[in-house]
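Trainee: The sequence shown finishes on residue 278 if you use this note's numbering, and the numbering steps up by one all the way, no holes. Okay, here's the structure, questions in a sec.
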Amino acid sequence: MAAEGEYESILCVKPDVNVYRIPPRASNRAYRAADWKLDTPDWSGRMRVTAKGKVAFIKLEDKVSGELFAQAPVKEYPGVAVETVSDSSRYFVLRIQDDSRSAFIGVGFGDRGDAFDFNVALQDHFKWVKQENELSKSAQLGDTGPKLDLGFKEGQTITLNIGQGKKRDKPRPQGSGGFGLLPPPPGGKIAPPPSPGSSNHNIIPQTGGTVTGCLLELDSSNSNTVVQTNPSSDLWGDFSAPASSVPPPSRPQNTTNWIQF
């Protein structure tokens with residue numbers, strides 16, 4: 018029986034149920050509802066299925082007053098307390114008990130859905146009972162079984178190998194050699210660079226004037242060197258002529274025209 022102090026929960030309630038007096042079973046074969054007087058039930062009322070602890074109770078009560086007609090304590094399902102019949106899914110055989118005696122009666126539902134709900138309510142309850150039993154057994158085995166000791170023993174050490182990350186090679190900057198300058202076109206004239214001693218020179222090529230260069234002496238801090246080229250000479254040369262026929266650029270004859278400031 019259920020322990021004292023446990024609360025009672027309701028698993029299922031069905032308002033219409035019929036109770037039949039069944040003949041004693043002569044052999045081990047299953048019960049058959051066809052052997053009962055289904056047209057004339059011996060009692061009609063309400064069924065209420067409750068649970069107190071791990072025990073379920075099937076209570077047959079009066080519809081109006083709620084007076085208890087009979088109850089069947091169920092400690093396991095399926096079992097001897099609740100049995101199905103072989104010829105219908107709406108009828109069951111219950112073993113009802115009181116303080117001093119017990120008897121077997123037949124119960125039936127008018128609707129097949131009510132019989133299904135009654136069956137599922139008992140199955141769910143005893144599925145929960147099975148899980149509780151397994152948890153309690155595992156808890157007991159865990160307390161009595163050997164415990165895993167993960168602590169360090171005296172003098173025991175461990176070694177951790179932490180690998181250093183690989184250094185990534187920095188990308189090397191590309192030198193100016195990768196981007197070569199194009200050579201000057203053939204036949205062109207390039208003015209000589211200014212003297213290293215001069216601080217600020219502006220070389221302005223002009224297309225007009227005489228053949229010789231004209232140098233103008235200006236301020237020592239800001240001097241302008243004017244170079245006059247031959248107007249008859251093209252700056253880029255003749256592209257139509259082959260490279261071998263183009264004469265080499267002429268060098269200035271008089272190097273004294275460059276004045277250092």
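Glycine included, C-beta positions come from ideal geometry on N, C-alpha and C.
1) Please say whether A138 and L28 have beta carbons closer to each other than 8 Å?
2) On the three-state DSSP scale, how would you describe L55?
3) By alpha-carbon positions, which one of P41, K92 and D128 ends up nearest to A68?
4) Identify the residues that DSSP records as bridge partners of F121: which are they?
5) Any idea what DSSP makes of D128, helix, strand or coil?
6) Residues in the same chain with beta-carbon distance under 6 Å from A87, minus the five sequence neighbours each way, listed in chain order, please.
7) Relative to the C-alpha of V72, which residue among S61, V81 and G96 is closest?
8) Return the bridge partner residues of Y48 from the DSSP annotation.
9) Would you mind working out which of V81, G70 and R46 sits nearest G62, comparing C-alpha positions?
10) Please report how far the alpha carbon of P40 lies from the alpha carbon of S155, in whole angstroms.
11) Helix, strand or coil: how does DSSP classify A87 here?
12) Output needed for D134: all residues of its chain with C-beta closer than 8 Å, excluding positions within five of it in sequence on either side, in chain order.
13) If we count the other Cβ atoms within 10 Å of its Cβ and call it buried at 16 or more, is A132 buried or exposed?
14) Measure the C-alpha to C-alpha separation of K170 and E151 and round it to an integer number of angstroms.
15) Can you find the residues in the same chain that come closer than 7 Å, C-beta to C-beta, to W53, ignoring five residues on each side of it along the sequence?
16) Taking 8 Å as the CB-CB limit, is D52 close to chain D?
17) Smallest Cα separation from N35: which of I179, R49 and R107?
18) Note down the Cα distance separating G130 from D104, rounded to an integer number of angstroms.
19) With which residues is A73 paired in a DSSP beta bridge?
20) One question on the structure: do E23 and G70 come within less than 8 Å of each other, judged by their Cβ atoms?
21) Rounded to a whole number of angstroms, what is the C-alpha to C-alpha distance between D59 and R42?
22) Would you tell me roughly how many angstroms separate the C-alpha atoms of S44 and L158, rounded to the nearest one?
23) Tell me the DSSP secondary structure of E78 in three-state form.
24) Within 10 angstroms of its Cβ, does L111 collect 16 or more other Cβ (buried), or is it exposed?
25) How many angstroms separate the CA atom of M64 from the CA atom of F126?
26) Using C-beta distances below 6 Å, list every residue in its chain close to S26, excluding the 5 sequence neighbours before and after it, in chain order.
27) How many angstroms separate the CA atom of E100 from the CA atom of V146?
28) Leaving aside the five residues before and after D236 along the sequence, list all residues of the same chain whose C-beta is less than 7 Å from its C-beta, in chain order.
Mentor: Inspection of the coordinates gives the following:
1) yes
2) coil
3) K92
4) R112
5) coil
6) L77 and I113
7) G96
8) V102
9) V81
10) 45 Å
11) strand
12) C29 and K31
13) buried
14) 35 Å
15) Y37, I39 and G123
16) Protein chain content of the structure displayed is limited to a single chain, and chain D is not contained in it.
17) R107
18) 17 Å
19) A68 and V91
20) yes
21) 19 Å
22) 43 Å
23) strand
24) buried
25) 10 Å
26) A68
27) 19 Å
28) Because D236 carries a pLDDT of 46, less than 50, the predicted location of this residue cannot be relied on, and the following value inherits that uncertainty. No residues qualify anywhere along the chain.
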